[in-house]
Amino acid sequence: MRLTSSLFFIMQFVILHAQGISGRITGPDNVPMPFVNVALLDETDSAFIAGTVSAEDGTFAISTDRESGLLRISYTGYQTLHILVKRGEGVGNIQLKSNNIELKGVTVTGSNVTQKRDREIVWITPDMRRGKHNTGEMLGGVPGIHYDRMTKGLSYYSDGNIILLVDSIEKDMSYIKRLHHIRFDHMDIIPNPKGKYEGYAALVNLHTRPNYEGIECSAELESDFFPSNRKIKGKVLGSVSEKAAVTYTRNKWNFFLNYGGEYDRTVKEELSETEYPMNQYKEKVIANPDHRKNKKEEERDHTLTGGMDYQFDKRTSLSIAYRLALENHNYLNRQNIVTTRGQRTDTILSNRNRDDDEHAHTLAAYYRGGFGAWNYNADVNFVRINHDTRNLLQKSSGYVNRDDRNNLMTHTLVRAELNRSFLDNKIYASVGYNNFWKKYEETRLMTSALLTDYILRQNKIWFYGSFGISNNTGISIGSSLILNNTRSMGEKDDYFSYDANCGLFQKIDDNRWLRFNYQCAVSNPNISQVTAYGQFVDSLQWAGGNPMLRSSLTHDLNLHFKFCKWISFITKYKYQPRSFSPITELRRGRLENGENSYYAATTTQNARYQNLWMGLYYWQQFGNLTLSSDWYYRYARGKYENYRKSVNYFHGNASADYFYEPFNLNISAAYNLSIDYDAWAQGTMKNQVDMFWIYLSKSFLNDRLELSCSYVLPVHLTSGDNYRRIDTPAMKALHSGYSLNRLSNNNFEIGIVYRFTGGKSVREFKREMSNEK
1 MRLTSSLFFI MQFVILHAQG ISGRITGPDN VPMPFVNVAL LDETDSAFIA
51 GTVSAEDGTF AISTDRESGL LRISYTGYQT LHILVKRGEG VGNIQLKSNN
101 IELKGVTVTG SNVTQKRDRE IVWITPDMRR GKHNTGEMLG GVPGIHYDRM
151 TKGLSYYSDG NIILLVDSIE KDMSYIKRLH HIRFDHMDII PNPKGKYEGY
201 AALVNLHTRP NYEGIECSAE LESDFFPSNR KIKGKVLGSV SEKAAVTYTR
251 NKWNFFLNYG GEYDRTVKEE LSETEYPMNQ YKEKVIANPD HRKNKKEEER
301 DHTLTGGMDY QFDKRTSLSI AYRLALENHN YLNRQNIVTT RGQRTDTILS
351 NRNRDDDEHA HTLAAYYRGG FGAWNYNADV NFVRINHDTR NLLQKSSGYV
401 NRDDRNNLMT HTLVRAELNR SFLDNKIYAS VGYNNFWKKY EETRLMTSAL
451 LTDYILRQNK IWFYGSFGIS NNTGISIGSS LILNNTRSMG EKDDYFSYDA
501 NCGLFQKIDD NRWLRFNYQC AVSNPNISQV TAYGQFVDSL QWAGGNPMLR
551 SSLTHDLNLH FKFCKWISFI TKYKYQPRSF SPITELRRGR LENGENSYYA
601 ATTTQNARYQ NLWMGLYYWQ QFGNLTLSSD WYYRYARGKY ENYRKSVNYF
651 HGNASADYFY EPFNLNISAA YNLSIDYDAW AQGTMKNQVD MFWIYLSKSF
701 LNDRLELSCS YVLPVHLTSG DNYRRIDTPA MKALHSGYSL NRLSNNNFEI
751 GIVYRFTGGK SVREFKREMS NEK
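Residue 773 is where the sequence shown ends in the working numbering, and the numbering goes up by one at each step.
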């Protein structure tokens, strides 16, 4: 074995002597070290050029056309080395020394994270892989990224608006999170990305190991379990989730097929009080005399995604993907309502049954390429969504309202980008063009009568550029111009809107840095907001759309200051001079019963909105124990003409994850305080829930079988209340709901996952025998 390794090292050295850099890495006892991160950096500004990891015999080789560079060699628990090298010259045997500096049990090691002016480059270390069963869990070991084991969600400094890419190709997030992390060697994390991905809090681009080959399959089943029989009479199971995926990679080809299914049912108690002052009429929803909850929800979702990628060469690739989504939601309300008109009081029974069916098709193609110093890419997306709504409201007073509609939405998005770097990567510039087309059609299900015909066209040109002033300072600037054309039922509106952004990055040292970003963006309304159709949804409530509604305009300021290795300060401010806001006004006209009277009419208007958000984020790792916490203060305010409302509150999370290596057992505990609290011009809403929960998962059969269980304790620090309040001259309403805390009490979630992998790379890395399990 030693002879074979030595011969391999000699052959590798000879082959790459004239075109790259090669060497061998050993530990203090001169034993070869595999999976050591090796990066070639620019010797002037430490910019990343190329990288790899050492093989099982400790050898590595980097191919480059640079004449010289700075070689950085890092491995958790060992001192990081920096060596000046020249192309074609081997560096021979490199011996790493153990890092014995410890502070209160915290080992100080070389960082695997490189901070650049527009991104972080994170090399995936064996410690990041240890105890992680999939890519989602592995990403939770990256400072700033949190993986919620309860919801299987990812967030970047508490913002869940992130996008995941694989080798610069967009993929389904649930699919990527379930892939095994052994196929990836490093990632780019771009906060507040610009250009085609503008609007996301972060972009995470995972890079596949060079020449990766193999097959990967997984099947997953999870279900909620309620011992207290709290959900539906006779039913102790809550939501059920099933997932399956297969991925096959060979040479330049990659094929994948992914299925996800969700089933959820629940019963709730929702109470409300509604007053129409001009009509001298009140309604109050009370608890049902038979003690049955007054709202039942049932939801079924199925999603199938498939596609293929082909890598022509290192810079050129083509990807095609198709997605089919089927959804069915059913809502059943059975309410007792006390009505008061003048001195007369009655109690009526109200039944509402709403059934929504939707099927959506998405077809996308992505092309990446380049010539010389230039890189280019082009994407084409086609989406078609067919949505049926059947809504029947019946009251014992004799009132009946039926609303059966079909919504058909078709849209296309074409994007093209050209970019390159100048002056040895000190300047980066990109330009692009986006063409967006969307069409809504809304018709009656039975008669096919046209209710709405809405078309939006957008042509957008944009520019983004960044400049590295020094090794530690960089600035960026970008802008775009958008021509909007809307058509709806004979009405039209043509107008220009714009985007703008700028940024500053200042690195103080390896553990302290500051990022500032400003962004101006626009977004488009959906069919319910722009439909020309409207109708009475209750005896004195009318709801409809606003065909002349314009795109929202948003200004975002974001300051992120990491002032020590483990703690960051983050503040955000959002101002929308044009936001989408429901506005209720007083109208007079003919009601459904033929009476001419006042009623409340709600449409969407462009109102003002502002949001201030400040918080602290903490992340620290003690061996196999990871601690994280974030706490934030938020202020929100909405305004439209003379109407204004505001709210403010605190929220946060704290979690601890521990991997008990002798038993291959993951143990997690967390406290989540989640408050969805917001304000608009005429009202406020609050959904508050806090949970203490614990999570256990253990793998068997060489990591192929995973069993997990989570439990939510019946202990809370808040009330769990939720409500929605509206205050207008036409209508005053307070909708209060079930306790979110009570709904989560004693909730068990049991999960089982089976996965297997095979192929060249998996055999090469011998996962079941290595410390990357």
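C-beta atoms are modelled at their ideal positions from N, C-alpha and C, and glycine is treated no differently.
Which of helix, strand or coil DSSP assigns to Ile337:
Reading the sequence shown from its first residue, position 337 is the one you call residue 337. Note: Ile337 maps to strand in three-state DSSP.
C-beta contact flag for Leu701 and Ile752 at 7 angstroms
Taking the first residue of the sequence shown as 1, we reach residue 701 at position 701. Taking the first residue of the sequence shown as 1, we reach residue 752 at position 752. Cβ distance not < 7 angstroms, so Leu701 and Ile752 don't count as in contact.
Give the DSSP-derived three-state secondary structure of Phe756 in the structure shown.
Here the question's residue 756 lines up with position 756 in the sequence shown. Reduced to three states, the DSSP call for Phe756 is strand.
Taking 6 angstroms as the limit between beta carbons, can you name the residues of its chain near Lys104, skipping five residues before and five after?
For the purposes of this step, residue 104 is taken as residue 104 along the sequence shown, with counting starting at 1. With a pLDDT of 35 at Lys104, under the threshold of 50, the modelled position of that residue is not reliable, and no figure is offered here.
Okay, do the stretch 131-145 and the stretch 486-503 touch, 3+ Cβ pairs below 8 angstroms being the bar?
no
Return the chain-ordered list of same chain residues with a C-beta closer than 7 angstroms to the C-beta of Pro34, the five sequence neighbours on each side being excluded.
Within the sequence shown, numbered from 1, the residue matching residue 34 stands at position 34. Cβ neighbours of Pro34 beyond the five flanking positions: Ser54, Ala55, Glu56 and Gly58.
Is the beta carbon of Tyr798 less than 7 angstroms from the beta carbon of Thr452?
As shown, the chain starts at 1 and ends at 773. That puts residue 798 outside it, with no answer to give.
What do you get for Ser579, buried or exposed, if any count of 16 or more other CB atoms within 10 angstroms of its CB means buried?
Here residue 579 is taken as the residue at index 579 of the sequence shown, counted from 1. By the 10 Å Cβ count, Ser579 comes out buried.
Ignoring anything shorter than 4 residues or poking outside the stretch 93-179, list the alpha helix (DSSP H) runs there in chain order.
126-129, 135-139 and 173-178
Pick from Gln535, Arg415, Glu442 and Asn333 that is closest to Glu592, judged by C-alpha positions:
On the sequence shown, residue 592 is found 592 positions in, with the first residue counted as 1. Nearest option by C-alpha distance: Gln535.
Comparing alpha-carbon positions, which option in Gln280, His302, Lys268 and Ala321 lies nearest Lys295?
Locating residue 295 in the sequence shown gives position 295, counting from the first residue. Closest by alpha carbon: Lys268.
Taking Asn741 as part of the beta strand (DSSP E), name the residues at either end of that continuous run.
Numbered from its first residue, the sequence shown carries residue 741 at position 741. First-last for Asn741: Leu740 to Ser744, but that is the alpha helix (DSSP H), not the beta strand (DSSP E).
Are the CB atoms of Gly615 and Tyr632 nearer to each other than 7 angstroms?
By one-based count along the sequence shown, residue 615 stands at place 615. By one-based count along the sequence shown, residue 632 stands at place 632. Yes, they are a contact pair.
Helix, strand or coil at Ser786 [DSSP, three-state]
Shown here, the chain extends from 1 to 773; a query on residue 786 therefore has no answer.
Considering only the alpha carbon of each residue, which of Gln605, Tyr754, Pro577 and Ser744 lies closest to Val530?
Position 530 of the sequence shown, counted from the first residue, corresponds to residue 530. Here the closest residue by C-alpha is Gln605.
When the Cβ atoms of the stretch 455-471 are set against those of the stretch 422-432, are three or more pairs found closer than 8 angstroms?
yes
Member of Gln541, Arg72, Pro193 and Glu273 whose CA lies at the smallest distance from the CA of Arg117:
As a position in the sequence shown, residue 117 is number 117, starting the count at 1. When only C-alpha atoms are compared, the closest one is Pro193.
Quick one: residues in its chain with C-beta nearer than 7 angstroms to the C-beta of Arg250, no 5 flanking neighbours on either side, listed in chain order?
Here residue 250 refers to the residue found at position 250 of the sequence shown. Result list for Arg250: Glu213, in chain order.
I'd like to know whether the C-beta atoms of Asp264 and Glu216 end up nearer to each other than 7 angstroms.
The residue labelled residue 264 in the question sits at position 264 within the sequence shown. The residue labelled residue 216 in the question sits at position 216 within the sequence shown. Not a contact, by the Cβ cut-off of 7 angstroms.
So, helix, strand or coil for Tyr495, using DSSP?
Looking up residue 495 in the sequence shown gives position 495. Strand, per DSSP.
Completely contained beta strand (DSSP E) runs for the stretch 611-649, where each covers 3 or more residues:
625-640
With distance defined between alpha-carbon atoms, name the residue in Lys686, Arg755 and Ala730 nearest to Thr274.
On the sequence shown, residue 274 is found 274 positions in, with the first residue counted as 1. Looking at the Cα atoms, Ala730 is the closest of the given residues.
Nonlocal neighbours in the same chain, by C-beta distance under 8 angstroms from Asn375, ignoring five residues either side
For the purposes of this step, residue 375 is taken as residue 375 along the sequence shown, with counting starting at 1. Excluding positions up to five away in sequence, the list reads Arg315, Arg368, Gly369, Leu418, Asn419 and Arg420.
Closest Cα partner of Ala321 within the set Asn254, Gln682, Thr571 and Ala679:
Translated into positions along the sequence shown, residue 321 becomes position 321. Comparing Cα positions, the closest option is Asn254.
Skipping 5 residues on each side, what residues in its chain have a beta carbon closer than 8 angstroms to that of Gly20?
As a working note, residue 20 is residue 20 in the sequence shown. Here the set comprises Ala61, Ile62, Ser63, Thr64, Arg87 and Gly88.
Classify Ile94: buried if its beta carbon has 16 or more other beta carbons within 10 angstroms, exposed otherwise.
Indexing the sequence shown from 1 puts residue 94 at position 94. That one is buried.
Over the uninterrupted alpha helix (DSSP H) stretch that includes Gln529, give me the two end residues.
Taking the first residue of the sequence shown as 1, we reach residue 529 at position 529. Gln529 -> alpha helix (DSSP H) spans Ile527 to Val530.
I want to know whether the stretch 377-385 touches the stretch 395-404 - three or more CB-CB distances under 8 angstroms.
no
Whole angstroms is fine: what's the gap from Tyr575's alpha carbon to Asn526's?
The residue given as residue 575 occupies position 575 in the sequence shown. The residue given as residue 526 occupies position 526 in the sequence shown. In a straight line, the C-alpha of Tyr575 is about 21 angstroms away from that of Asn526.
Integer-rounded CB distance, given that Ala416 should sit under 8 angstroms from Tyr433:
Taking the first residue of the sequence shown as position 1, residue 433 is located at position 433. Taking the first residue of the sequence shown as position 1, residue 416 is located at position 416. Confirmed, about 5 angstroms.
Does DSSP put His716 in a helix, in a strand, or in coil?
Sequence index remark: in the sequence shown, residue 716 carries index 716 (1-based). Correct three-state label for His716: coil.
Hey, which unbroken runs of the beta strand (DSSP E) at 3 residues or more fall wholly within the stretch 248-319?
253-268, 271-276, 281-286 and 295-311
From Thr602, Ile286 and Asp301, residue whose alpha carbon lies closest to that of Ser736:
By one-based count along the sequence shown, residue 736 stands at place 736. The shortest C-alpha separation from Ser736 is found at Ile286.
Quick check on Gly589: buried or exposed, where buried means 16 or more other Cβ atoms within 10 Å of its Cβ?
Sequence index remark: in the sequence shown, residue 589 carries index 589 (1-based). Gly589 comes out exposed.
Leaving out the 5 sequence neighbours to the left and right, which residues in its chain are closer than 6 angstroms to Arg354 when beta-carbon positions are compared?
The count along the sequence shown starts at 1 and reaches residue 354 at position 354. If we look at Arg354 and ignore the five residues flanking it on each side, its Cβ neighbours are Tyr331 and Asn391.
Assumed close pair Tyr498, Leu557 - CB separation to whole angstroms, cut-off 8 angstroms:
As a first step, residue 498 is located in the sequence shown; it is residue number 498 there, counting from the start. As a first step, residue 557 is located in the sequence shown; it is residue number 557 there, counting from the start. With 8 angstroms as the limit, Tyr498 and Leu557 do not qualify as a contact, their Cβ atoms being about 17 angstroms apart.
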